[in-house]
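Undergrad: Provided herewith is a single structure, encoded as structure tokens, for subsequent inquiry.
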Amino acid sequence: MTVRVRFAPSPTGYLHVGGGRTALYNRLFSQGRGAFILRSDDTDQARSTREFADDILESMRWLGLTWDEGIEVGGPHGSYRQSERIERYGEVADQLVAAGHAYHSFATAEQLDEFRKAAQAAGRSPAYDGRFRLDDDEIARRLAAGETAPIRFAVNRPGETSFDDIVRGEVSFDHAQVDDFVILRSDRSPTYHLASTVDDVDFGITHVIRGEDLLSSTPKHLLLTKAMGAEPAVYAHLPLLLGPDGTKLSKRHGHTAVNAYRSAGFLPEALLNYLAILSWSPGEDEELVSLSEMAERFRLEDVSRSPAVFDVTKLEWMNGVYIRELGAAEFVARSLEFVEDDLGRDLDEDEMKAFAGMAPLVQERAKTLAEVGPQLRFLFAASVSYDPTSWEKVMMQPEAMTAVSAACTRLAELPAWDAESIETTLRSMLDEHGMSARKGLQPIRVAVCGSAISPPLFESLELLGRERSLQRLADVAQQLG
RNA sequence: GACCCCGUCGUCCAGCGGUCCAGGACUCCGGCCUUUCAAGCCGGCAACGCGGGUUCGAAUCCCGUCGGGGUCACCA
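Residue numbering for the first sequence follows our numbering, starting at 37 and increasing by one per position.
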């Protein structure tokens, strides 16, 4: 049996990491078993924007979550944008009315509001039970008179809808909890429930994998599907992503957009891996898995049922692991834009060489690509800017002056300028003055790199070049003297 | 408030009736390495929410309770 799943974001915001995980799980589930479809649930014209729509596609591609059918790649089911299928939803709504599954509702906002308040106060379900529904003749009369009204689905009560959710098991809802929900607004635009269900049916979706926030909407979708005379999909509701404080992940917890992680220097494979591991385990105490390994082992039945806290710290660790696994050239290629961003300009040819030489050294200590720029700033910036804390801590030491000026004179006499010779020279200088490497090298580091935290010193000196190195040492020696 | 879902270290995940005085990862704390910072390696702290059952035996099954989350729009 071939499977058909979809990811259907609304372009009313950037692709959220939670959405990214949902897309990933859909993709993993369908891998090798069927099709992964990307659809745009853009019925909310007021809140949808082109920018968000573009961001979703771009973020999906950046993550490497390719789709088999849908937006931009096309497919046999016509448009994959709901905004282009409006007539179809109206048509279905009319059919449902004709078949007695739905009706034009003339209940006023006030009536509904009052009903809900009263129900709530009495400790009953606030779901609208259709009590203000008019008889067919009256409805026809009002419609004929030119009045407009939304179409509501007529939920049968008493009744119950239950389904077997792949991750949650048997779930059931009493129809007293399901309201006569609007499927078509008075302006004949479809609501989410209608559009989404119609598309799932029309596109032959076999499995709906989505967030748990939609769990209580599922009976509506099932009722609609049945009323349309279609075979219902199998549902799987994923646990929600939470912020560190245990509430639904939102902007106030930090970054939620996939693109924010991209610009913060995260690797897509790391983010994907982390997202996968959040509510699922590849087993065998393993955590680092590639997309293809995930696809091989992924089973919806193994997805966790409890919500997961999104922990950036662990993501950072994982990103560091992925960065270190990159080939040297790959690392250079991927981090270049961050270096140039940090610098505010492009690197020239010589700088590219220095960058390539230094790259392996920063690669093993970076958790994000965004850290690469600041770590190499000393190498490319015209003048060093000294970190006050480092200066305070190191240059105020008694041996600072001696170390810097001795290094300056000894290095000036050095015939060759390579890390090895530099190291030999500086170590003999250290011996001469009876200084430990710890005490003696730090002032030199700060003088040259501007900070007590830097890539390895000797290589830094080599790549910075004789002239600039000596210049910086001399400048600092003068300041200290 | 009603309904639904969930409940193992601070966090994520493993465990699916005995092999668990509970395992892995991140964080944190030590140590080693070391020119700084990282990385790496070694070690440590740290959990089955609570109460009843069922059973020879429960983290694992049942009930209750408490706690957390979600949904209750002519938004998706």
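Note that CB positions come from ideal geometry on N, CA and C, so glycine has one too.
My understanding is that I359 touches F367, with C-beta atoms under 8 Å, so please give their C-beta distance in whole angstroms.
TA: Yes, they are in contact, since the Cβ atoms of I359 and F367 sit about 7 Å apart, within 8 Å.
Undergrad: Three or more C-beta pairs under 8 Å: does that hold for the segment 69-76 against the segment 104-114?
TA: Yes, they touch.
Undergrad: Between which two residues does the alpha helix (DSSP H) harbouring L99 extend?
TA: It spans 86-99 - the alpha helix (DSSP H) in which L99 sits, taken as one unbroken run.
Undergrad: In terms of residue numbering, what span does the alpha helix (DSSP H) encompassing Y61 cover?
TA: Residues 53-66.
Undergrad: Which residue spans inside the segment 185-259 form an unbroken alpha helix (DSSP H) run of at least 4?
TA: 228-238, all fully within the segment 185-259.
Undergrad: With A312 as the anchor, note down where its alpha helix (DSSP H) starts and where it stops.
TA: First-last of the alpha helix (DSSP H) with A312: 304-314.
Undergrad: Pull the bridge partners of R42 from the DSSP assignment, please.
TA: Note: R42 sits in a beta bridge opposite I73.
Undergrad: Near A145, which residues of its chain fall below 7 Å by C-beta distance, leaving aside the five closest residues on each side in sequence?
TA: Closer than 7 Å at Cβ, skipping near neighbours: no residue.
Undergrad: When we look at the beta-carbon of S232 and count the other beta-carbons within 10 Å, is it buried (16 or more) or exposed?
TA: Buried: at least 16 other Cβ atoms inside 10 Å.
Undergrad: Does V133 come out as helix, strand or coil in the three-state DSSP assignment?
TA: Note: V133 maps to helix in three-state DSSP.
Undergrad: Shortest alpha-carbon distance to F209 belongs to which of I219, P194, E120?
TA: Among I219, P194, E120, the Cα nearest to that of F209 belongs to P194.
Undergrad: Based on the DSSP secondary-structure assignment, which residues constitute the bridge partners of G486?
TA: Its beta-bridge partners do not exist; DSSP assigns none.
Undergrad: Which residue spans inside the segment 346-427 form an unbroken alpha helix (DSSP H) run of at least 4?
TA: Listed in chain order, the complete alpha helix (DSSP H) runs (minimum 4 residues) inside the segment 346-427 are 348-361, 364-379, 385-399, 408-416.
Undergrad: Between the Cα of R188 and those of F199, V218, E449, spot the shortest distance and give me the residue it belongs to.
TA: Selected option, being the one with the closest Cα: V218.
Undergrad: Using a Cβ-Cβ cutoff of less than 7 Å, which residues in the same chain neighbour L258 once the five nearest sequence positions on both sides are dropped?
TA: Counting only Cβ-Cβ distances below 7 Å, and skipping sequence neighbours, we find T197, F199, P268.
Undergrad: What are the boundary residues of the alpha helix (DSSP H) that includes V294?
TA: Unbroken alpha helix (DSSP H) run through V294: 294-299.
Undergrad: What do you reckon, are the CB atoms on D172 and D216 nearer than 8 Å?
TA: Not a contact, by the Cβ cut-off of 8 Å.
Undergrad: Can you pull the DSSP bridge partners for K284?
TA: Bridge partners of K284: L278.
Undergrad: Taking the CB atoms as reference points, tell me whether V41 and I202 lie closer together than 8 Å.
TA: No, the pair does not count as a contact, with Cβ atoms beyond the cut-off.
Undergrad: Taking the alpha carbon of G409 as the reference point, which residue from K262, A395, L60 has its own alpha carbon closest?
TA: That would be A395, whose Cα lies nearest to the Cα of G409.
Undergrad: Could you pull the start and end residues of the beta strand (DSSP E) that A518 belongs to?
TA: The structure shown does not extend to residue 518, since the chain spans only 37 to 517, so no value can be given for it.
Undergrad: Given a threshold of 16 other Cβ atoms within 10 Å of its Cβ, counted over all protein chains shown, does L179 qualify as buried or as exposed?
TA: Per the 10 Å Cβ criterion, exposed.
Undergrad: Near L397, which residues of its chain fall below 7 Å by C-beta distance, leaving aside the five closest residues on each side in sequence?
TA: If we look at L397 and ignore the five residues flanking it on each side, its Cβ neighbours are P491, P492, E495.
Undergrad: Would you list, in sequence order, the uninterrupted beta strand (DSSP E) runs of no fewer than 3 residues that lie entirely inside the segment 439-503?
TA: Fully enclosed beta strand (DSSP E) runs of 3 or longer: not present.
Undergrad: Considering only the beta carbon of each residue, do E385 and F416 sit closer than 8 Å?
TA: No, these two residues do not count as a Cβ contact at 8 Å.
Undergrad: Can you pull the DSSP bridge partners for H113?
TA: DSSP output for H113 lists no bridge partner at all.
Undergrad: Do you know offhand how far C444's Cα is from I458's?
TA: Rounded to the nearest angstrom, the two C-alpha atoms are 11 Å apart.
Undergrad: Closest by CA to L462, which one among R446, P451, R474?
TA: The shortest C-alpha separation from L462 is found at R446.
Undergrad: Are the CB atoms of F414 and G486 nearer to each other than 8 Å?
TA: Yes, the pair counts as a contact, with Cβ atoms nearer than the cut-off.
Undergrad: Assuming contact is defined by CB atoms lying nearer than 8 Å, are S340 and W316 in contact in what I supplied?
TA: A contact, by the Cβ cut-off of 8 Å.
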